[in-house]
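Chains as they are written, first to last, in my numbering: chain A, 1 to 328; chain B, 1 to 328. Single-structure report; data block below.
There are 2 protein chains.
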Amino acid sequence: MMTRDISAYKKLAEKSLEALRLEHETPRGLFAPISYMLEGGGKRLRPVLLLVSCDAVGGDASRCQSQAAGIEMFHNFTLLHDDVMDRSPLRHGKPTVHKKWDVATAILSGDAMLTKATELIVNGLNPDVASEVLKTFNDTAMLVYKGQQLDMEFESRLDVTPDEYLEMISMKTGALIAGACLIGAIAGGVKGRDVGVALYKYGMNLGVAFQIQDDLLDTYGDEKVFGKPIGGDILNDKKTWLLVTALQSGSGKELKKIITGQELQGDAKIAAVRDIYDREKVKERSTQMLETAVSGAISWLDSVKDYITAESYALLRGYAEGMSGRVK
Amino acid sequence: MMTRDISAYKKLAEKSLEALRLEHETPRGLFAPISYMLEGGGKRLRPVLLLVSCDAVGGDASRCQSQAAGIEMFHNFTLLHDDVMDRSPLRHGKPTVHKKWDVATAILSGDAMLTKATELIVNGLNPDVASEVLKTFNDTAMLVYKGQQLDMEFESRLDVTPDEYLEMISMKTGALIAGACLIGAIAGGVKGRDVGVALYKYGMNLGVAFQIQDDLLDTYGDEKVFGKPIGGDILNDKKTWLLVTALQSGSGKELKKIITGQELQGDAKIAAVRDIYDREKVKERSTQMLETAVSGAISWLDSVKDYITAESYALLRGYAEGMSGRVK
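Laid out in structure tokens, this is it:
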């Protein structure tokens with residue numbers, strides 16, 4: 001089997017999406033928004049992990065391209081519908097689908113993406129493997145919806161605990177990254193449940209780390225590198241690991257006043273909240289939590305080190321370790 | 001095997017939905033709207049046809065309850081999202097989900113219904129049968145979305161031809177009824193493709209008949225029996241079989257003026273359009289088209305009469321024949 005680095009896996013993921021030839025599907029009104037969503041680029045984290053996990057258990061990633069495309073299709077379906085639910089005007093600096101087209105188009109094209117993702121996720125697999133992959137995919141999808149539901153319910157609450165927040169991001173972000181790893185392993189012909197479970201847990205921890213890093217970057221990132229204005233989460237009172245941690249601290253009351261009082265706006269609000277974060281060492285505590293999740297991911301990976309290929313182990317370990325240094 | 005009449009099949013379909021015990025699923029914010037959609041009642045046309053088709057080929061309908069629940073779940077998912085896309089405030093006289101809750105809830109609960117439907121449609125089947133059922137289900141779903149997309153594109157057009165309209169309703173309405181029949185047959189262990197294809201074509205014709213009858217009832221039905229105000233389609237300039245037929249007639253220009261002029265409103269508009277329909281014998285021509293579709297359904301059924309059970313043949317034939325006499 002050829003040895004691939006992460007960029008080779010990313011290229012394979014891109015190739016899998018191009019192979020769908022969505023630009024030839026009609027009616028265009030249904031498919032043009034789907035192409036638009038998928039050409040956004042991005043890290044292709046989920047298909048890359050799916051492909052690496054496939055190779056890790058002795059499978060052949062080049063035969064799981066349909067599954068890679070399916071998991072990325074599902075991810076982009078959730079982004080498309082989330083943007084409507086959150087009324088977001090921009091994604092990666094481009095107008096969102098419901099802004100560029102309209103809400104009806106965004107809903108219907110998203111629905112088609114979910115069905116297309118389901119087609120792709122089982123495509124080319126023998127029926128036994130397909131059944132197991134489909135079950136994992138559907139379970140994963142239900143967790144993502146439950147996570148999104150909790151995230152929306154959190155909007156109107158100021159008493160969200162760090163544990164509740166962890167549960168929510170485990171579902172909304174962790175489950176899909178975990179599911180990508182497990183689906184890759186199943187499609188790659190993993191023997192027994194142990195290795196699949198370990199890769200799932202690796203992905204779950206990685207997903208939690210990923211989300212906490214996202215939360216950190218929104219407040220402490222470099223705007224030029226991060227690609228969107230810093231402090232957006234603070235301005236929107238978005239429940240993040242930083243905010244729920246600070247709300248539980250000694251300065252929680254003061255922070256609640258800033259949020260409910262609505263007197264501070266713009267940069268003044270960002271500065272005031274960051275003052276509280278500094279005082280309560282929120283950045284340090286969040287980084288600690290991030291490191292814990294990264295360590296968790298690596299522990300699960302180590303538990304099956306002898307059962308996966310050395311190349312894949314190194315790539316997956318590197319991916320986890322790189323998470324804390326992530327700048328965008 | 002026990003002999004069932006349509007009402008027994010309907011009871012089995014209702015039981016299949018109750019067995020999901022959705023009232024115990026959390027978070028409630030995600031699942032309460034799903035229960036609300038499904039408790040609406042209705043004819044349960046799709047699961048009934050799925051169950052009858054299963055028995056028709058020598059299967060056991062009581063073992064296809066999950067598939068019956070899945071097809072009804074999918075149907076209600078499309079209704080839920082269509083209501084958001086069409087901004088409909090009411091369905092069966094009750095507030096729609098996006099009115100009773102909000103748009104975000106309607107989108108997310110609908111997404112969960114689609115995934116749940118996919119779970120149910122393969123549940124309990126052996127992997128080979130599950131693969132075939134899933135493929136039919138996904139193909140069906142894509143046709144439904146394409147039909148909905150065309151329906152939305154028709155809104156801004158006055159040059160929709162009867163052929164285009166037929167193509168649209170074949171996808172939006174016909175495909176799911178056809179798919180229900182084929183999935184029932186596959187899950188029931190149908191041998192070869194011929195019987196499955198014939199039941200699919202039966203369902204497709206039945207679906208077209210069903211939609212044309214719906215179009216007729218909206219203009220010529222009895223309000224008390226039909227359950228919603230008569231003439232709604234005319235007031236909304238909705239593209240129906242009646243309207244696209246009349247637009248192609250000698251009175252087409254006059255009709256276009258009424259629609260684009262927007263001078264006539266309410267009952268006056270309904271009366272003026274009905275005058276044109278009367279003059280152009282639109283009711284008679286639509287009834288003729290309806291009968292053609294019903295005959296088509298029966299022809300396909302007759303083509304496999306010797307390969308399906310006599311009881312199922314009688315039920316499916318009766319269902320088609322009853323379509324022309326349908327009053328709600």
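Glycine included, every Cβ here is placed at the ideal spot set by N, Cα and C.
Nearest C-alpha to S170(A) among I34(A), A198(A), D102(A) and I212(A): I212(A). Under the DSSP assignment, K256(B) falls in the alpha helix (DSSP H) whose first and last residues are G252 to G261.
Chain-ordered, the chain A residues with CB closer than 9 Å to the CB of Y145(B) read L30, L108, S109, D111, A112 and T115.
With fewer than three CB-CB distances shorter than 8 Å, the stretch 71 to 85 of chain B does not count as touching the stretch 127 to 136 of chain B.
Collapsing the DSSP output to three states places R157(A) in coil. N123(B) and M204(A) have their C-alpha atoms roughly 26 Å apart. Annotation for L114(B): F77 place their beta carbon closer than 6 Å to its own, counting only its chain and skipping 5 residues before and after. With contacts defined by Cβ atoms closer than 9 Å, A19(B) and I71(B) do not form a contacting pair. By the rule that beta-carbons nearer than 9 Å mark a contact, D267(A) does not touch chain B.
Listed along chain A are P27, each with a C-beta nearer than 7 Å to that of L150(B). For P229(A), the three-state secondary structure derived from DSSP is coil. Around L242(A), the same chain offers D215, L216, T219, D233, Y277, V282, K283 and S286 as residues with beta carbons nearer than 8 Å, after the five sequence neighbours per side are excluded. At the C-beta level, A178(B) and K201(B) come within 9 Å of one another.
Think of a sphere of 7 Å around the beta carbon of M142(A): the chain B residues whose beta carbon falls inside it are A112 and T115, in chain order. Contacts with chain B at 9 Å (Cβ-Cβ) do not include T309(A). Note that the stretch 148 to 161 of chain B touches the stretch 246 to 262 of chain B; at least 3 beta-carbon pairs, one per stretch, sit closer than 8 Å. A contact is defined here as three or more CB-CB pairs under 8 Å, and the stretch 88 to 105 of chain A meets this definition with respect to the stretch 33 to 43 of chain A. Three or more Cβ pairs closer than 8 Å define a contact, and the stretch 22 to 31 of chain B falls short of that threshold against the stretch 308 to 323 of chain A.
In the DSSP assignment, G70(B) falls within the unbroken alpha helix (DSSP H) covering Q65 to D86. By the criterion of a C-beta distance shorter than 8 Å, D82(A) is surrounded in its chain by S88 and Q148, once the five residues flanking it on both sides are discounted. Using a 10 angstroms sphere on the CB of N138(A), the tally of other CB atoms reaches 16 or more, which defines it as buried.
Rounded to the nearest whole angstrom, the CA to CA distance from A141(B) to G207(B) is 15 Å.
Below the 8 Å Cβ cutoff, chain B contributes V103, A104 and I107 as neighbours of V84(A), in chain order. Of the other Cβ atoms in all chains shown, fewer than 16 fall within 10 Å of the Cβ of E263(B); this residue is therefore exposed. The C-alpha of A104(A) lies about 43 Å from the C-alpha of W300(A).
Going by DSSP, S286(B) is part of the alpha helix (DSSP H) stretching over V282 to D302. Straight-line spacing of the CA atoms in M289(B) and D222(B) works out to 21 Å.
Sequence-distant partners of Y307(A) (beyond 5 residues in either direction) whose C-beta falls short of 6 Å from its own C-beta, in its chain, are V195. According to the DSSP assignment, I34(B) belongs to the alpha helix (DSSP H) that extends over R28 to L38. In the same chain as I270(B), and ignoring 5 residues on each side of it, the C-beta atoms closer than 6 Å to its own belong to G231 and I234, in chain order. For T118(A), the nearest CB of chain B lies under 9 Å from its own CB, placing it at the interface with that chain.
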